[in-house]
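Protein chains in written order, with our numbering: chain A, 110 to 216; chain B, 280 to 401. Right, one structure below, let's go through it.
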Amino acid sequence: DIQMTQSPSTLSASVGDRVTITCRASQNIDSWLAWHQQKPGKAPKALIYKASNLETGVPSRFSGSGSGTEFTLTISSLQPDDFASYYCQHYYTYPLTFGGGTKVEIK
Amino acid sequence: EVQLVESGGGLVQPGGSLRLSCAASGFTFPDHYMDWVRQAPGKGLEWVGRSKDRAEGYVTVYAASVKGRFSISRDESKNSLSLQMNSLKTEDTAVYYCTSGRGGYPDYFNHWGQGTLVTVSP
């Protein structure tokens with residue numbers, strides 16, 4: 110199975126900060142990576158697919174990059190609505206697996 | 280607008296069975312992969328299984344943790360996805376989400392339902 114490792118697991122930041130979350134795959138997954146945002150008590154929501162493509166309606170302050178085994182999710186200027194948990198997920202092969210998540214908290 | 284609405288969750292004893300349903304609308308149901316993803320209380324996300332699209336014969340794929348116990352099926356006439364869960368264990372306790380793919384291969388979890396809670400407890 111491909112293991113997905115996210116860092117950090119928790120991140121404290123202020124409104125307006127630039128935030129970067131890293132996701133590492135245990136083997137090559139090309140660009141078959143998605144990012145999902147989850148707020149407490151709510152269902153996840155897809156933000157990015159194929160490593161760098163924004164879902165329709167997702168603000169442009171979100172961006173994704175990377176290929177192979179190293180990926181990043183960047184929020185260029187953190188907004189109050191962005192405090193949430195973020196999960197990376199590969200879809201290169203089965204089983205599909207998620208990273209452990211990164212909780213973005215208010216500093 | 281894509282809508283996925285899960286139902287069927289509840290309390291069940293270990294060793295019991297439960298059937299979840301997902302009503303899908305707003306897209307061409309046969310042409311998209313459909314998955315079940317679960318989240319145990321306070322934990323991360325875990326993929327449960329997939330129904331591929333009609334072009335691939337609705338072939339199903341499962342996570343090792345549920346293979347042989349869970350079964351996914353579709354009803355094209357009702358645009359409905361089901362998850363039959365047998366031989367349930369306490370570790371199956373989770374919110375179960377129905378998801379739909381974007382289309383294309385390979386595919387990911389493009390849209391998510393609101394989830395339904397399954398509690399396995401004596």
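Just so you know, even glycine gets a beta-carbon here, dropped at the ideal spot from N, CA and C.
Are the region 188-199 of chain A and the region 119-134 of chain A in contact at 8 Å, needing three or more beta carbon pairs? The region 188-199 of chain A, when compared against the region 119-134 of chain A, does touch it at the 8 Å Cβ threshold.
Does the contact criterion of 3 or more C-beta pairs under 8 Å hold for the region 340-349 of chain B versus the region 175-191 of chain A? Not touching, per the Cβ criterion.
Just mark B:N389 as buried or exposed, buried being the case when its beta carbon has 16 or more other beta carbons within 10 Å. The count along the second sequence starts at 1 and reaches residue 389 of chain B at position 110. With 16 or more neighbouring CB atoms inside 10 Å of its own CB, B:N389 falls in the buried class.
Please list the terminal residues of the continuous beta strand (DSSP E) segment that includes A:I157. Position 48 of the first sequence, counting from 1, holds the residue named residue 157 of chain A. In the DSSP annotation of this structure, the continuous segment of the beta strand (DSSP E) that includes A:I157 starts and ends at 154-158.
For B:L290, does the count of other Cβ atoms within 10 angstroms reach 16, so buried, or fall short, so exposed? For the purposes of this step, residue 290 of chain B is taken as the residue at position 11 of the second sequence. Classification for B:L290: exposed.
Residues that A:G166 contacts on chain B, provided the C-beta gap is smaller than 8 Å: Position 57 of the first sequence, counted from the start, is the residue given in the question as residue 166 of chain A. Here the premise fails: no neighbours, minimum Cβ distance about 11 Å.
Per DSSP, B:F349 forms a beta bridge with which residues? Here residue 349 of chain B corresponds to residue number 70 of the second sequence, with the count starting at 1. Its beta-bridge partners are B:K346, B:M364.
As assigned by DSSP and simplified to three states, the class of B:S356: Reading the second sequence from its first residue, position 77 is the one you call residue 356 of chain B. It is helical.
From A:D110 to A:Y203, what distance separates their C-alpha atoms? Indexing the first sequence from 1 puts residue 110 of chain A at position 1. Indexing the first sequence from 1 puts residue 203 of chain A at position 94. Taking the straight line from one Cα to the other gives about 8 Å.
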